[in-house]
Amino acid sequence: MIAVKSGAQESLLEVYMSAPITDKDYSDVLMPALDAALAQGEKVRMLVVLNAGLTDFTMGALWDDAKLGVSNWSGFERVAIVTANTAMARMVRAFSILMPCPVSVFGKKAEDEARLWLFESLGAIHQTDLGSGTLHVELLGKVGADVYASETENLNAFIRKNDRFRLLLDIRRFDGWQGLGAMAAHFHLVRDHVGQLDRAAVVGDSRWEAMVVQVVKRLIGQEARYFGNNDLEAAKAWIKTD
């Protein structure tokens, strides 16, 4: 069985699932409610309270669940799953990286915590003009696609007003992307501006990040260097040196 209600906050859709869950529940209840929410023009933040295990879904329901995600691929802002079922929690976490939006799993009776997460700030990008055409970009937490979208114009404005573009990328406190949508936004941003880079420095704390710098060198055909976790000031000095 599926029951749907609008949340207290705008764009929030609350979905309650209990065994058994059939394809008719999807076609008659969930899909019409989701279509109506998307028709309002905003992306949906969805809370799913799941009182069922994987075996409680019919094959038709599982197929409809997959179709629901694909057909509304870009319609979700965030999805929070509340479940006490360990197997379901593991499965959702495993597939969450393939979703275009942030997905998080919460334990039993954590509905209020899940609602807060649906609207809280997850990650951020801080841009600081260091002068002489040098931009310090710091990635914080788990960055979502909406954050990249809001920061793109600031980056474009910086490039327009400077004769050169040098980038100091600080990823010491970067925890990754919130789903495929954020990852795609990141690489679109890189693709659109990589040809304008004169020099790049990356400050991080992992060996794989040092390897990334070698890729950056090949992409921009210019100087790029990696600096360790405690070498931010050295990176600033190097990036601005003529």
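Number 35 in this note's numbering belongs to position 37 of the sequence shown; there are no gaps in the numbering. Glycine included, C-beta positions come from ideal geometry on N, C-alpha and C.
**Item:** Simplified DSSP state of MET97, which is helix, strand or coil
**Value:** Note: MET97 maps to coil in three-state DSSP.
**Prompt:** Can you tell me the Cα-Cα spacing of LEU165 and LYS107, whole angstroms?
**Reply:** Each residue's Cα considered, the two are about 45 Å apart.
**Request:** Given a cut-off of 9 Å, decide if SER102 and TRP115 are closer than it, judged by their beta-carbon atoms.
**Result:** In this structure, SER102 lies closer than 9 Å to TRP115 by Cβ.
**Simplified DSSP assignment, three categories, for SER148** = Helix.
**Asked** Secondary structure at LEU167, three-state DSSP: helix, strand or coil?
**Response** Under the three-state reduction of DSSP output, LEU167 falls in the strand class.
**Message:** Does GLY129 pass the burial test, meaning 16 or more other C-beta atoms within 10 Å, or should it be called exposed?
**Reply:** It counts as exposed.
**Request:** Hey, could you find the ends of the alpha helix (DSSP H) ALA31 is sitting in?
**Result:** From DSSP, the alpha helix (DSSP H) with ALA31 extends over 29 to 36.
**Prompt:** Is LYS234 helix, strand or coil by DSSP?
**Reply:** Three-state result, LYS234: helix.
**Message:** Give me, in chain order, the residues of the same chain whose beta-carbon lies closer than 6 Å to that of ALA35; leave out the 5 immediate sequence neighbours on both sides.
**Reply:** Contacts found: LEU11, VAL42.
**Prompt:** Straight-line CA distance for VAL68 to PRO98?
**Reply:** Residue placement at VAL68 cannot be trusted, given a pLDDT of 46 that sits under 50; what the coordinates show is reported in the next sentence. One alpha carbon belongs to VAL68, the other to PRO98, and they sit about 10 Å apart.
**Request:** Just the C-alpha distance for GLU136 and PHE74, rounded to the nearest angstrom, thanks.
**Result:** Their backbone Cα atoms lie some 26 Å apart in a straight line.
**Item:** Residue range of the alpha helix (DSSP H) that includes ALA112
**Value:** Per DSSP, ALA112 belongs to the alpha helix (DSSP H) from 109 to 117.
**Cut-off 6 Å between Cβ atoms - residues of its own chain near ASP168, not counting five sequence neighbours on either side** = Contacts found: GLU136, VAL201.
**Item:** Same chain, Cβ closer than 7 Å to GLU221, neighbours up to 5 away in sequence not counted
**Value:** Taken in chain order, the residues that qualify are ARG197.
**Message:** Here's the rule: buried if 16 or more other CB atoms are within 10 angstroms of the residue's CB, otherwise exposed. What is PRO30?
**Reply:** With fewer than 16 other Cβ atoms within 10 Å, it is exposed.
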